[in-house]
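Quick notes on the structure that follows.
Protein chains in written order, with this note's numbering: chain S, 660 to 995; chain W, 660 to 995.
Laid out in structure tokens, this is it:
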């Protein structure tokens, strides 16, 4: 079934591919043939890379977990992810996702709230269907609460002092908002495999850092207008705590930061600030954060058993994507 | 600790009272000291009767469940209930709850969505903290999905044909929207106590009927303007599927129902229809439904072990409240 795989990682990736359709079928049952079927189909139409499903299935295959348990855990992770997407689009008033109208746009506040709730509840039922119901449900629930807390803090972009505190607050946010879910995607497999707490903690550290690095890449894509159907700098215009906002507050002169904080309190004429945030200094700062996170992930990975070390290395490329320096836009920086 | 209780039910009610503060403490941890603390406190200020907490704790005490398990299960039930209240107020644009501003009014769409999500996730963690994590989490999740489906169907008041189909659709809705949560409040204790599936099913039937009867009382209170801070007939004005709406569609002449369905599709000038729904014929129809549900509950209760039978009888009074005929308003019915 796994073909002529040369390494355990290749064999696990191949097995994950064969299991992906079973996970898709589980995901559909969370909304198909229910009063939320139309809203669920609308969200499903936006698609998704299923990166987290691949993480869980691959880690589980590497560790020899029961296949049905792995599929339920992968479904739990992906359902939580999609619940948060549906609710976040409503909160952020993002009209599209991957170029497709958002659920709240097509099915209203009611459709988005109820579909997200249904997916969140279904996620917990999937976690409970495994061989480690208590541990997996509690880890899933804790992850969901970290996502919620991250989104809540995202809406207070100037809650901390400028300087290092601004950087630390952003990195905490990125760990909560994106890192926690990547870490749980892997931890779910480690829980099922009965991996000791100490090694689970190390693996979570690695994937939390990778997830935070992924978030930085996502924030830069937003700034640069590389997100399908989203305006360039949309996060900044909405005064959300994102990497460029945090970087300017971390490195800017006091007078600039004071002016920027006034903008964040009452966002108007965002274009001038978006241009400023595209400056080389901001990008260098952000790139430094991302490099630091990738280094943290590599350090943690070195302490994992060989197959998980190889898996983390693969994930660093698969999740992390190209280095931020390669994404720099051609436009010149302007200073307001 | 339980005083001079004369019957097992009185002893269980007394024990439930002593456990209530521990449940309150668990409920607070779902939002206190988090980024959602202010939103959580705003919701908490609206208070609540904690009927479902009392059901779970009392049933658990009657059956000799572990006290900590009972408190976790009661917290899970109440957290789910409150998650649905916070999200429903947002969906229904209800500006107040028990006379206090709703969370979405004070903390926006973001505050309401995120607080509800946090409570829903915390509910599942509480269920997983008990001695029956898989069964309790799956029952909780299934209940959450029934609530969601009920609210979704509430927004399509004329989805069925008139006549008996309209009545049946409403009773299904009332069972999903309110019955399921009362049934789960009791079933949670039965799960913890290891009560056989057959008896659990009978108990769920009884409490689902009581919960649906409670919903009918709530719908009548809305029609009659007996809900604090809510306009009389608010459900009708918003074209929600509620008992009076279903009753007119169940018993009305075809021409009246056709006109009413046009109103439900585009609600305007609701006053004339609210007055019509206060007619004696509609109230008699609804009273008949409620009597039928109370009869269903009594029939099911008769098949339960003695202590659960006594408990169901107590709950029928505690939950069901006065008979609907006693609540009839003084105003005369008008026909549009």
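Cβ coordinates follow ideal geometry from the N, Cα and C atoms, glycine included.
Which two residues bound the contiguous alpha helix (DSSP H) that contains residue i?
i	result
residue 845/S	839-852
residue 710/W	710-721
residue 962/W	Premise fails: residue 962/W is in no alpha helix (DSSP H) and is neither H nor E.
residue 800/S	792-813
residue 789/S	Neither: residue 789/S is in no alpha helix (DSSP H) and is coded neither H nor E.
residue 856/W	856-882
residue 892/S	Run containing residue 892/S: none; DSSP gives neither H nor E here.
residue 835/S	From DSSP, residue 835/S is part of no alpha helix (DSSP H); its letter is neither H nor E.
residue 702/S	696-703
residue 727/W	726-751
Between residue i and the rest of its own chain, which residues show a CB-CB distance below 7 Å, the 5 nearest in sequence each way excluded?
i	result
residue 990/S	No answer about residue 990/S holds up, because its pLDDT of 35 lies below 50 and its placement is not dependable.
residue 943/W	none
residue 837/W	870, 871, 873 and 874
residue 675/S	713, 716, 717 and 720
residue 740/S	711 and 840
residue 765/S	701
residue 819/W	825 and 828
residue 726/W	678
Got a sec? Which residues, its chain only, sit under 8 Å from residue i by beta carbon, not counting five neighbours each side?
i	result
residue 738/W	686, 689, 778, 779, 781, 782 and 785
residue 760/S	701 and 754
residue 889/W	753, 755 and 881
residue 795/S	732, 735, 786, 787, 789, 847, 850 and 851
Which residues of chain S have a Cβ atom closer than 8 Å to the Cβ of residue i, listed in chain order?
i	result
residue 769/W	750, 810, 811 and 814
residue 895/W	Simply none; closest approach about 18 Å.
residue 671/W	Residues of chain S passing the Cβ test: none, with the nearest at roughly 27 Å.
Who are the Cβ neighbours of residue i in its own chain at under 6 Å, not counting the five residues just before and after it?
i	result
residue 852/S	722 and 724
residue 923/W	816, 817 and 898
residue 731/S	785, 788 and 789
residue 884/W	891
residue 953/S	872
residue 749/W	763 and 771
residue 681/S	730
residue 966/S	667 and 721
Mind listing the chain W neighbours of residue i? Cutoff is C-beta to C-beta under 9 Å, in chain order.
i	result
residue 797/S	783, 784, 787, 788 and 792
residue 861/S	Chain W residues near residue 861/S: none, gap ~24 Å exceeds 9 Å.
Helix, strand or coil for residue i, going by three-state DSSP, please let me know.
i	result
residue 687/S	helix
residue 937/W	coil
residue 816/W	coil
residue 666/W	coil
residue 913/S	helix
residue 903/W	helix
residue 990/W	Per-residue confidence for residue 990/W stands at a pLDDT of 35, beneath the threshold of 50, marking its modelled position as unreliable; the derived number appears in the next sentence. Note: residue 990/W maps to coil in three-state DSSP.
residue 756/W	strand
residue 918/S	helix
residue 930/S	helix
residue 680/W	helix
residue 693/W	coil
Using the beta-carbon of each residue, which ones in chain S are nearer than 7 Å to residue i?
i	result
residue 958/W	Per Cβ cutoff of 7 Å: no residues; residue 958/W is ~29 Å from chain S at best.
residue 761/W	Ordered by position in chain S, no residue passes the 7 Å Cβ test against residue 761/W, which lies about 13 Å from the chain.
residue 746/W	772 and 776
residue 612/W	What the structure shows of chain W is the stretch from 660 to 995, and residue 612/W is not part of that stretch, so it cannot be assessed.
Could you name the residues of chain S that residue i contacts, counting a contact when the two beta carbons are closer than 9 Å?
i	result
residue 740/W	The premise fails here: residue 740/W is roughly 13 Å from chain S at the closest Cβ pair, so nothing lies under 9 Å.
residue 949/W	Within 9 Å Cβ-Cβ: nothing; residue 949/W doesn't reach chain S, min ~25 Å.
residue 914/W	The contacting residues do not exist; residue 914/W stays about 30 Å from chain S at best.
residue 682/W	Going along chain S, no residue has its Cβ under 9 Å from residue 682/W, so there is no contact; the nearest lies around 18 Å.
residue 826/W	The premise fails here: residue 826/W is roughly 19 Å from chain S at the closest Cβ pair, so nothing lies under 9 Å.
residue 937/W	Correct list: empty, because the minimum Cβ distance to chain S is about 27 Å.
Whose Cβ in chain W lies nearer than 8 Å to the Cβ of residue i?
i	result
residue 1006/S	Chain S is shown from 660 up to 995; residue 1006/S falls before or after that span and cannot be answered.
residue 968/S	Those within 8 Å of residue 968/S in chain W number zero; the least Cβ separation is about 31 Å.
residue 756/S	Neighbours of residue 756/S on chain W: none; closest Cβ ~16 Å, over 8 Å.
List, in chain order, every chain W residue whose beta-carbon is nearer than 7 Å to that of residue i.
i	result
residue 731/S	Those within 7 Å of residue 731/S in chain W number zero; the least Cβ separation is about 11 Å.
Near-chain W residues of the segment 688-719 of chain S - C-beta to any C-beta below 7 Å = Listed by position, the residues of the segment 688-719 of chain S near chain W (Cβ gap below 7 Å) are 693, 694 and 695.
request  = Return the residues of the segment 835-847 of chain S that lie within a Cβ-Cβ distance of less than 8 Å from chain W, sorted by chain order.
outcome  = none
key: Contact list for the segment 770-782 of chain W against chain S, Cβ threshold 9 Å   = 770, 771, 772, 773, 774, 775, 776, 777, 779, 780, 781 and 782
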